[in-house]
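One structure below.
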């Protein structure tokens with residue numbers, strides 16, 4: 001089921017499974033006609049609409065590998081992912097239509113020097129866009145299969161379970177994103193998690209506003225189709241009432257969210273007086289939730305449960321989450337993920353007892369179905385295992401989240417233990433942000449990107465700590481404008497700099513390692529020093 005932004009008063013459109021199968025087969029045949037073969041990498045950089053999902057499934061059906069690129073990324077970030085994955089083609093759009101605006105996309109793809117581009121019109125109509133020499137429009141691409149007697153049928157390419165289906169990226173601590181390949185196991189894991197934790201089943205309508213560039217995109221595709229549910233796609237901004245009306249009209253039964261999105265709905269009041277009673281449960285991932293926002297969200301559907309989900313791209317799964325067979329608590333996780341064994345480490349790197357209330361770095365048992373076992377551009381063992389303690393004869397797997405366990409088995413996330421953060425549901429590298437900010441103005445000697453959580457819980461906010469060169473005097477407000485402009489244009493327009501804190505120098509250890517924990521405390525004082533209302 002789907003609807004385009006601006007068509008709020010039209011009936012929800014539907015595509016049957018047989019029609020989807022025919023469309024996917026036609027795209028797979030067209031890829032084969034262009035000379036693509038088993039193992040080739042093909043990127044997708046576009047909104048998550050019907051055509052994007054069709055292309056995603058067709059690439060895998062043809063034995064090729066999807067390269068996932070978020071549609072919000074600037075040309076530099078697109079180029080990095082094309083280079084690492086060695087993508088031979090890319091599916092994209094002329095523009096992104098969102099919130100009544102048209103944002104350029106194809107021009108960013110060209111600037112990235114991407115290979116052959118297959119370009120779709122965002123509005124589904126014929127585009128007057130002039131294409132780069134060698135690129136193809138969507139219609140020109142589909143014509144490539146017309147020579148076949150049955151272009152709507154395709155025999156799947158059979159591969160081993162360890163062959164790649166998808167290359168996704170996760171921000172690393174060195175500045176370059178980690179290229180994480182998903183094998184044939186991972187789709188099964190995605191579907192199983194959704195079945196076990198979100199109760200996805202035949203007859204459900206699943207909707208999760210996201211993008212195929214992030215792991216939730218492929219996850220919700222497999223969650224729907226493997227479990228016999230319907231996938232609901234809104235081609236537009238999820239921030240506005242039009243999205244909420246689509247949820248109502250499509251009779252969505254499981255609505256996925258990001259805490260920043262819920263906060264925006266609550267603040268604007270745009271979802272008032274909509275009928276969301278078909279919803280059985282909400283899913284929430286990407287950031288830390290707040291109790292107040294979860295309560296508000298639950299109330300929009302008659303106080304249905306909000307199931308928190310926390311996982312990782314490299315896991316293809318959630319390692320803690322909620323479910324519908326246990327009591328749930330807002331902004332908390334009620335159980336360890338299916339097949340996972342987790343440990344919380346004390347200050348001596350030893351696991352706390354399983355039932356103990358505690359706070360520390362969360363680590364994983366090394367054997368988890370569907371998890372990655374390799375990286376394309378880094379040493380997998382070095383990233384996830386080197387320096388980790390052994391327990392019961394097994395070396396534990398690093399994940400990097402700080403977690404608190406309560407009496408009774410509930411869990412709560414407290415940010416990252418490494419140099420990464422979640423901004424608007426997007427995992428970001430502090431190193432990448434600092435590299436941009438260090439070059440943003442001649443007065444800057446060094447910067448530190450610090451994520452700070454509100455006292456009452458909720459999504460992390462980005463504060464840039466800065467040390468100025470001797471002799472320079474510039475206000476923190478002016479620096480905030482400069483840093484915001486550079487971060488948005490060089491990394492991601494969705495990243496917002498909440499504040500800037502200027503320090504005479506940064507606190508460091510005897511070995512000169514930056515004490516981010518100390519900076520985080522000082523930045524939190526700057527942001528939240530005013531008394532907090534109890535209302």
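Residue numbers (UniProt numbering): 1 to 535. Just so it is clear, CB atoms sit at the ideal spot from N, CA and C, and this is done for glycine as well.
Opening and closing residue of the beta strand (DSSP E) in which residue i lies
i	result
residue 343	342–345
residue 147	Segment: none, residue 147 is in no beta strand (DSSP E) and carries neither H nor E.
Euclidean distance between Cα positions of residue i and residue j
i	j	result
residue 502	residue 428	22 Å
residue 3	residue 483	37 Å
residue 272	residue 90	39 Å
residue 433	residue 38	37 Å
residue 184	residue 158	11 Å
residue 351	residue 380	23 Å
residue 533	residue 260	Low per-residue confidence applies at residue 533: pLDDT is 41, beneath 50, and the placement is therefore not dependable, though the value from the model is reported in the following sentence. Taking the straight line joining both Cα atoms gives about 20 Å.
residue 24	residue 285	29 Å
residue 405	residue 288	15 Å
residue 201	residue 372	26 Å
residue 128	residue 374	43 Å
residue 527	residue 326	36 Å
residue 49	residue 231	11 Å
residue 44	residue 115	12 Å
residue 154	residue 465	55 Å
residue 233	residue 120	17 Å
residue 17	residue 254	20 Å
residue 392	residue 166	33 Å
residue 56	residue 282	25 Å
residue 321	residue 290	15 Å
residue 297	residue 205	18 Å
residue 334	residue 80	38 Å
residue 535	residue 266	With a pLDDT of only 35 at residue 535, under the threshold of 50, the placement of this residue in the model should not be trusted, and no figure is reported.
residue 341	residue 365	5 Å
residue 82	residue 67	8 Å
residue 517	residue 492	25 Å
Among the options, the one whose alpha carbon lies nearest that of residue i
i	options	result
residue 124	492, 52, 223, 387	52
residue 469	14, 449, 441	441
residue 138	31, 75, 158, 88	31
residue 362	373, 416, 369	416
residue 376	241, 180, 28	180
residue 456	414, 489, 424, 449	414
residue 556	348, 35, 347, 487	Only positions 1 to 535 of the chain appear in the structure, and residue 556 is not among them; the question remains open.
residue 246	516, 81, 6, 54	6
residue 270	214, 243, 280, 258	243
residue 480	438, 471, 515	438
residue 521	215, 451, 149	451
residue 13	145, 19, 354, 1	1
residue 292	274, 322, 331, 255	331
residue 110	94, 98, 458	94
residue 300	276, 77, 422	276
residue 257	167, 459, 142, 341	459
residue 162	148, 145, 182	182
residue 107	321, 72, 221, 282	72
residue 170	69, 33, 356	69
residue 367	317, 347, 328	317
residue 477	494, 498, 493, 492	498
residue 337	35, 410, 77, 388	410
residue 235	445, 46, 524	46
Backbone secondary structure at residue i - three-state DSSP
i	result
residue 365	coil
residue 501	strand
residue 159	coil
residue 534	The pLDDT assigned to residue 534 is 38, lower than 50, so where the model puts this residue is not dependable; a value taken from the coordinates is nonetheless given after this. Coil at residue 534, not helix or strand.
residue 29	helix
residue 415	strand
residue 93	strand
residue 187	helix
residue 129	coil
Residue i classed as buried or exposed, judged by whether at least 16 other C-beta atoms fall within 10 angstroms
i	result
residue 304	buried
residue 294	buried
residue 178	buried
residue 10	exposed
residue 472	exposed
residue 314	buried
residue 386	exposed
residue 489	exposed
residue 100	exposed
residue 227	buried
Alpha helix (DSSP H) segment containing residue i, residue limits
i	result
residue 407	Neither: residue 407 is in no alpha helix (DSSP H) and is coded neither H nor E.
residue 8	Taken as a continuous stretch (DSSP letters only), residue 8 belongs to no alpha helix (DSSP H), as it is neither H nor E.
residue 437	430–438
residue 451	Here residue 451 belongs to no alpha helix (DSSP H); instead the beta strand (DSSP E) covers 444–452.
residue 267	259–268
residue 385	Residue 385 -> no alpha helix (DSSP H), and no H or E assigned at all.
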